[in-house]
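Protein chains in written order, with the working numbering: chain A, 2 to 359; chain B, 2 to 359; chain C, 2 to 359; chain D, 2 to 359.
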């Protein structure tokens with residue numbers, strides 16, 4: 002619990018934004034997986050700020066150092082410890098506001114919870130913690146691909162109400178990476194980019210939705226009744242910073258349908274059971290049915306703005322604050338690897354649970 | 002994991018739809034709580050089918066028998082075992098279809114997972130399992146009220162797109178119970194009722210959304226970074242049958258706002274820190290901030306229909322099936338106590354986690 | 002935690018000595034096991050008081066009622082709920098002493114922990130709770146035998162210093178059951194029986210040691226570094242009432258040997274790796290090596306005596322107490338099925354953990 | 002599970018003997034503890050090989066680097082990541098034997114479990130992993146002292162049958178550290194030292210017993226029925242390398258007593274409930290009673306010898322092996338800080354569990 006995610010494929014993350022390092026321990030990855038560290042590095046780079054003019058400019062190198070659990074390039078079955086050094090961080094701009102609760106950040110709630118807080122760069126509540134998740138998720142993703150041929154692809158599905166049209170059966174990593182917004186609908190991607198630039202100029206931020214699909218998941222993954230596939234995916238997604246909503250398959254839109262439309266008819270295709278529609282999003286009664294697993298995750302506009310805001314201080318003053326520096330007007334493109342990482346972690350966990358059946 | 006929910010306030014449920022009984026064990030409820038068994042019974046009655054002409058007609062008495070953990074009316078700190086006897090169940094109508102995968106039910110996925118399945122009334126995948134959750138949730142709810150004055154209220158917020166207007170700060174249990182739909186907006190409630198009756202006539206089903214608020218939750222509940230309050234609520238809600246979506250605070254609608262609108266300004270009210278808006282839904286960085294905790298849960302139209310449907314059998318035939326008998330065209334009213342139960346279980350768990358801080 | 006044992010093969014027990022019932026839920030037993038309920042009944046009978054003049058006379062029928070998780074005689078993969086009704090219990094002899102802390106019982110510690118206690122028959126601290134473990138252990142034992150051919154045999158190895166000579170490679174259930182003491186060394190068994198009768202006359206109690214072997218456990222079970230096979234066995238055994246010691250393989254006696262004597266040389270027998278001695282007790286670095294797993298568990302003389310004892314009361318008086326009624330002068334014979342049950346539960350858990358490796 | 006110990010005060014360790022580093026993450030330590038890093042260093046030094054001519058000569062510096070969870074010298078409530086760099090390790094002497102199963106090591110069992118193994122210095126099975134436990138235990142120990150005044154002291158109680166006489170009520174850290182054997186009975190300590198030197202000359206190894214006491218533990222710690230204080234202590238101790246036995250309070254010797262001798266009479270001392278004897282070892286029904294918690298842990302003679310030994314190889318040859326290099330003839334002195342660390346981790350965990358009661 003707390004800083005550990007997963008039951009059998011487990012990751013424990015640690016680290017603060019402005020501490021010396023952050024990292025994670027992956028415990029439970031089966032032995033014998035040839036781990037491609039370059040591929041891990043690619044995922045880290047996708048999450049990293051400063052990839053394009055669209056995203057936050059902090060220069061993070063985010064190289065992953067593996068300290069255990071590998072021998073001659075393969076996982077040994079023992080815990081894989083991964084560290085990312087924070088490099089030089091400058092906490093001085095935070096010092097001025099160390100008594101001030103930034104609106105809609107964790108400043109106030111951490112202080113109520115723990116009695117005091119590490120005010121440097123958001124401390125543990127910083128989105129920087131997710132770098133460790135991406136590293137762990139990259140291991141899970143490789144194991145899923147190696148063992149089962151599962152692939153997981155996420156994309157920016159909407160920004161500020163601009164909705165992309167994406168075919169989840171066909172979308173590829175290449176489609177997603179083709180545009181800095183990570184929206185695989187080129188026309189909408191351009192509109193999104195313009196809106197993001199406008200928000201930057203306004204020193205404001207935009208929210209949106211990330212879509213995700215996991216293909217080639219075998220039927221039978223997911224545990225009744227509390228560790229349902231959808232429930233664990235929801236847990237993982239809502240644990241991401243700024244996430245405020247999750248839907249699986251038809252989701253909220255499915256509430257507008259009648260059962261006779263929503264039910265997915267079973268058919269036989271080359272002797273295999275399939276469904277002709279996929280409103281279930283690949284999950285029925287919490288268990289995968291072999292169809293693509295689909296979901297969407299809502300992210301609010303991030304709380305960090307470069308505009309003046311009204312708030313209070315820990316010593317009981319009402320103040321106006323404005324934190325200098327450049328900001329990231331839209332985290333959606335960088336949320337794409339996070340959604341993929343959490344999806345991979347959940348699926349790897351469910352795969353190991355299903356192995357209990359022998 | 003699996004059939005256990007919670008970390009410190011834990012419930013393990015067991016039982017199948019047509020077995021002799023179902024029940025749960027609540028482990029971790031602190032000692033000394035005077036348990037009101039009548040109040041538990043009220044919650045059970047709210048979940049029970051056949052409460053009104055709007056809901057499923059199966060006559061379930063659903064009396065809870067407490068077998069342990071109580072002494073002279075108070076909890077002892079040891080596990081509370083609760084049993085609900087299933088009474089006489091008639092599995093004969095299921096026998097005919099025991100080789101047939103009902104569309105969008107768990108028949109196919111359970112069989113892929115376990116190799117075979119209890120086909121009587123849906124077995125473990127039946128929504129009847131939730132009776133055990135309601136019993137456990139009733140204990141959690143009483144403990145939260147007794148210790149902290151927390152109250153949890155859910156309501157039907159939408160059916161088939163008919164959206165109610167509900168003030169989450171003011172809505173009461175009495176408002177919710179005033180109409181068989183459990184929608185506290187009287188005008189919309191009537192429209193919903195008519196739509197549900199029409200769906201019944203069509204032997205079809207409708208989906209919708211349940212809203213929920215938890216008031217008087219102290220600031221500081223919720224655990225970084227994976228056991229965030231929102232994440233555990235999402236886990237609990239997506240573990241409910243037919244749930245396909247969850248949103249906290251502003252949710253999906255919040256993605257349409259700019260950060261400058263979405264951020265909740267802090268102010269001092271009688272020396273207490275509050276926010277002037279509550280787009281965060283009472284949770285910031287995964288931790289409660291003392292404002293009302295708000296959420297919405299999407300439920301698809303239930304899969305059980307009285308209409309002919311296309312499907313396949315376990316021995317590889319494509320067939321049309323129609324299961325005789327009355328059905329429940331809309332589970333939303335009965336989902337209200339389920340959402341409350343899961344909310345109470347999550348909050349009780351978080352309360353105990355926070356006690357670690359001393 | 003708390004009232005749940007195991008990670009993947011999990012049992013949650015509940016119930017008090019003088020409540021209406023006690024029981025357990027087994028969650029995680031793989032689907033498809035044909036469960037022999039008569040064999041479960043045999044284990045229950047072995048634990049039951051009043052089997053012979055050597056043991057406690059309380060008449061407990063201890064029939065197990067299975068309420069879920071079985072379909073057509075096989076496990077379904079869902080939780081198996083088992084209940085044992087307590088029948089008519091008479092708490093009146095306890096009422097007189099409800100303010101008195103019985104020496105070396107849980108009366109005082111439960112009251113310090115929870116603020117009050119169920120004083121009827123020891124409440125949750127009663128050894129009667131172990132009936133639920135025996136039921137769960139019987140399921141685990143059947144699964145281990147069915148899947149792997151593992152057999153688990155325990156016996157009374159010593160009473161009050163009278164030490165039996167038992168060949169753990171050859172001892173059979175029949176050998177153990179041949180004498181009411183459950184000591185398979187006939188000469189020592191007779192001496193033990195006489196000592197137990199003498200202790201009964203003295204209204205006193207005797208302690209002793211239970212030995213146990215698990216044969217045909219495949220190599221590879223046990224998890225580095227905290228869920229080592231020995232560590233989980235120790236956890237299980239020390240969770241039994243009156244257990245005060247555990248040793249694996251050579252145990253405390255092994256501390257008298259030199260490493261050159263203690264190390265178990267590897268040899269090839271018909272191409273299979275074996276060891277010529279088994280001081281390791283079948284476990285090396287926490288993982289089974291394919292040799293028989295051996296252990297011993299120390300049980301103190303039970304605290305319930307029919308003699309006057311000095312103690313204090315909850316309202317601060319020093320008193321002498323003597324609790325009327327017959328007592329069980331030596332629980333060792335009845336501890337045999339408990340040690341077997343915990344061993345089976347641990348091994349089933351480890352077997353499922355190892356399945357993660359695929 | 003696996004590489005995580007504890008429920009609420011949790012430590013996850015990682016690292017191999019000859020990898021770049023090893024370490025741990027402590028999750029759950031309450032916020033606000035002023036952490037004395039020098040005191041952590043003292044514990045690390047006590048575990049370190051090469052402290053005296055009695056112990057293994059590998060030069061390990063074992064400085065702990067704290068990477069997270071501290072702010073201005075105090076714990077923040079978030080995970081504390083600690084790393085110990087391995088420095089330069091020479092794996093060449095192991096390369097020659099990489100196909101050879103060292104007797105009574107984990108070589109064979111790891112290979113059966115995982116399919117292959119890191120043969121450098123024992124990999125994950127090396128006792129070097131315990132350095133991470135000592136670091137974590139040092140945090141737990143400081144928290145226990147700071148919050149409750151608990152102190153934990155272990156000592157070498159026996160080596161190869163030479164039994165010390167130690168008063169667990171009075172023994173101090175200073176007494177233990179006064180002799181390189183860490184045996185606080187000076188006469189026996191000298192005899193032990195001579196025996197250890199003789200074993201070194203013989204290139205052999207000796208086993209023994211570590212005693213431990215935890216004083217000032219409040220009554221009420223320990224959880225019925227599976228997370229009993231004794232059970233968790235047994236789990237922790239049997240997870241230590243080379244540990245083969247555990248006893249609590251009177252332990253195996255207690256099986257020789259009658260109940261009337263063994264029961265600990267309650268008395269009032271200055272209005273406080275105490276017992277006149279402490280055969281229970283401070284724990285009754287699994288819960289602390291306020292008296293000193295006492296235990297003993299048996300360690301076999303370590304498997305690493307400098308003598309020729311008979312064994313087999315992974316490609317099916319029977320061979321004789323002798324591994325060159327100096328060895329540690331008796332790990333008992335270095336096991337002392339390990340037993341203290343595990344005791345502190347268990348007690349911190351139980352303390353947090355008890356806080357649930359409010």
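In this text, a Cβ means the ideal position worked out from N, Cα and C, and glycines have one as well.
In this text, all values refer to a predicted model and were calculated from it rather than measured experimentally.
Measuring CA to CA, which of B:244, B:276 and B:317 is closest to residue 271 of chain A? On the first chain, residue 271 of chain A is found 270 positions in, with the first residue counted as 1. The candidate whose alpha carbon is nearest that of residue 271 of chain A is B:317.
Environment of residue 339 of chain D [buried if 16+ CB atoms lie within 10 Å]: Position 338 of the fourth chain, counted from the first residue, corresponds to residue 339 of chain D. Buried, because 16 or more other Cβ atoms sit within 10 Å of the Cβ of residue 339 of chain D.
Status (buried if at least 16 other CB within 10 Å, exposed otherwise) for residue 92 of chain D: Taking the fourth chain and counting its residues from 1, the one referred to as residue 92 of chain D is at position 91. Exposed, by the Cβ-count rule.
Give the DSSP-derived three-state secondary structure of residue 108 of chain B in the structure shown. Position 107 of the second chain, counted from the first residue, corresponds to residue 108 of chain B. Note: residue 108 of chain B maps to helix in three-state DSSP.
On the DSSP letters alone, give me the boundaries of the alpha helix (DSSP H) that residue 155 of chain D sits inside. Residue mapping note: residue 155 of chain D aligns to position 154 of the fourth chain, counting from 1. Note, residue 155 of chain D: premise wrong, no alpha helix (DSSP H); beta strand (DSSP E) at 152-160.
Let me confirm a value: residue 150 of chain A is counted as buried when at least 16 other C-beta atoms fall within 10 Å, else exposed. Which label applies? Along the first chain, read from residue 1 onward, the residue named residue 150 of chain A stands at position 149. By the neighbour-count rule (16 or more Cβ atoms within 10 Å), residue 150 of chain A is not buried but exposed.
Under 6 Å Cβ to Cβ from residue 180 of chain A, same chain only, skipping five residues before and after it: list those, please. Reading the first chain from its first residue, position 179 is the one you call residue 180 of chain A. Within the same chain, residue 180 of chain A has close Cβ partners 190.
Note down, in chain order, every chain C residue with its Cβ under 8 Å from the Cβ of residue 210 of chain D. Here residue 210 of chain D is taken as the residue at index 209 of the fourth chain, counted from 1. Within 8 Å Cβ-Cβ: 253 and 256.
By the three-class DSSP mapping on this structure, what secondary structure does residue 232 of chain C have? Locating residue 232 of chain C in the third chain gives position 231, counting from the first residue. In the structure shown, residue 232 of chain C sits in a helix (DSSP, three-state: H, G or I).
Under 8 Å, CB to CB, which of the residues in the region 125-145 of chain C have a partner in chain E? No chain E appears in the structure shown, which is made up of the protein chains A, B, C and D.
Give me the DSSP bridge partner(s) of residue 82 of chain B. The residue given as residue 82 of chain B occupies position 81 in the second chain. Answer by DSSP bridge pairing, in chain order: B:26.
Closest Cβ-Cβ distance between residue 227 of chain C and chain B: below 8 Å? By 1-based counting over the third chain, the position of residue 227 of chain C is 226. By this cut-off, residue 227 of chain C is not an interface position.
By how many angstroms is the C-alpha of residue 301 of chain B removed from the C-alpha of residue 200 of chain B? Position 199 of the second chain, counting from 1, holds the residue named residue 200 of chain B. Position 300 of the second chain, counting from 1, holds the residue named residue 301 of chain B. Taking the straight line from one Cα to the other gives about 14 Å.
Closest to residue 333 of chain D by CA distance: which of D:161, D:107, D:11 and D:43 is it? Counted from its first residue, the fourth chain places residue 333 of chain D at position 332. Considering only alpha carbons, the answer is D:161.
Strictly under 8 Å for the Cβ-Cβ distance: is residue 32 of chain B near chain C by that measure? Stepping through the second chain from its first residue, residue 32 of chain B is reached at position 31. By this cut-off, residue 32 of chain B is an interface position.
Boundaries (first-last residue) of the alpha helix (DSSP H) holding residue 135 of chain B: On the second chain, position 134 is the one that residue 135 of chain B refers to. Residues 131-149.
Quick one, which of C:311, C:85, C:76 and C:294 has its alpha-carbon nearest residue 66 of chain C's? Taking the third chain and counting its residues from 1, the one referred to as residue 66 of chain C is at position 65. Nearest C-alpha to residue 66 of chain C: C:85.
Please compile the residues from chain D whose C-beta is within a distance smaller than 7 Å of the C-beta of residue 76 of chain B. Residue numbering aside, residue 76 of chain B sits at position 75 when the second chain is read from its first letter. Those within 7 Å of residue 76 of chain B in chain D number zero; the least Cβ separation is about 11 Å.
Buried or exposed, going by whether 16 or more other CB atoms sit within 10 Å of the CB of residue 277 of chain A? As a working mapping, residue 277 of chain A is identified with position 276 in the first chain. Flag for residue 277 of chain A reads exposed.
In this structure, does DSSP put residue 189 of chain B in helix, strand or coil? The residue labelled residue 189 of chain B in the question sits at position 188 within the second chain. If DSSP states are grouped into helix, strand and coil, residue 189 of chain B belongs with the helices.
Within-8 Å CB hit, residue 110 of chain A to chain D: Residue numbering aside, residue 110 of chain A sits at position 109 when the first chain is read from its first letter. Not one chain D Cβ lies under 8 Å of residue 110 of chain A.
Proximal residues of chain D, C-beta to C-beta of residue 79 of chain B below 8 Å: Counted from its first residue, the second chain places residue 79 of chain B at position 78. Those within 8 Å of residue 79 of chain B in chain D are 225.
In angstroms with no decimal places, state the Cα-to-Cα distance between residue 126 of chain C and residue 251 of chain D. Locating residue 126 of chain C in the third chain gives position 125, where the first residue counts as 1. Locating residue 251 of chain D in the fourth chain gives position 250, where the first residue counts as 1. The straight-line gap from Cα to Cα measures roughly 20 Å.
Give the DSSP bridge partners of residue 5 of chain D, in chain order. Position 4 of the fourth chain, counted from the start, is the residue given in the question as residue 5 of chain D. According to DSSP, which records beta bridges pairwise, residue 5 of chain D is partnered with D:13.
Put residue 73 of chain D into one of helix, strand or coil per three-state DSSP. The residue you call residue 73 of chain D lines up with position 72 of the fourth chain. Of the three classes helix, strand and coil, the one that applies to residue 73 of chain D here is coil, per DSSP.
Exposed or buried, what is residue 153 of chain A when buried is set at 16 or more other beta-carbons lying within 10 Å of its beta-carbon? Taking the first chain and counting its residues from 1, the one referred to as residue 153 of chain A is at position 152. Residue 153 of chain A should be labelled buried.
Of the residues D:244, D:347, D:15 and D:185, which one's Cα is nearest the Cα of residue 164 of chain D? Taking the first residue of the fourth chain as 1, we reach residue 164 of chain D at position 163. When only C-alpha atoms are compared, the closest one is D:185.
Among A:48, A:136, A:74 and A:115, which has the Cα closest to the Cα of residue 15 of chain A? Numbered from 1 along the first chain, position 14 holds the residue referred to as residue 15 of chain A. That would be A:136, whose Cα lies nearest to the Cα of residue 15 of chain A.
Pull the bridge partners of residue 213 of chain A from the DSSP assignment, please. Here residue 213 of chain A is taken as the residue at index 212 of the first chain, counted from 1. Looking at the DSSP assignment, residue 213 of chain A forms a beta bridge with A:155 and A:296.
Tell me which same chain residues have a C-beta within less than 7 Å of the C-beta of residue 30 of chain D, skipping the five on either side of it? The count along the fourth chain starts at 1 and reaches residue 30 of chain D at position 29. These residues qualify, in order along the chain: 10, 76, 81, 140 and 144.
Quick check for students: name the residue ranges of the alpha helix (DSSP H) that lie wholly in the region 246-287 of chain C, counting only runs of 4 or more. 260-263
Chain C contact for residue 71 of chain A (CB, 8 Å cutoff): On the first chain, position 70 is the one that residue 71 of chain A refers to. So no, residue 71 of chain A is outside the interface.
Listing by chain order, which chain B residues have their CB less than 9 Å from the CB of residue 267 of chain C? Within the third chain, the letter at position 266 stands for residue 267 of chain C. What residue 267 of chain C touches in chain B: nothing, since even the nearest Cβ is about 38 Å away.
Assign residue 245 of chain C to one of two classes, buried (16 or more other C-beta atoms within 10 Å of its C-beta) or exposed (fewer than that). Mapped onto the third chain, residue 245 of chain C falls at position 244. By the 10 Å Cβ count, residue 245 of chain C comes out buried.
How would you write the range of the alpha helix (DSSP H) that residue 45 of chain C sits in, first residue to last? Locating residue 45 of chain C in the third chain gives position 44, where the first residue counts as 1. First-last of the alpha helix (DSSP H) with residue 45 of chain C: 38-48.
Measure the alpha-carbon distance for residue 236 of chain C versus residue 320 of chain C and round it to whole angstroms. Counting from 1 along the third chain, the entry for residue 236 of chain C is found at position 235. Counting from 1 along the third chain, the entry for residue 320 of chain C is found at position 319. Going from the Cα of residue 236 of chain C to the Cα of residue 320 of chain C covers about 36 Å.
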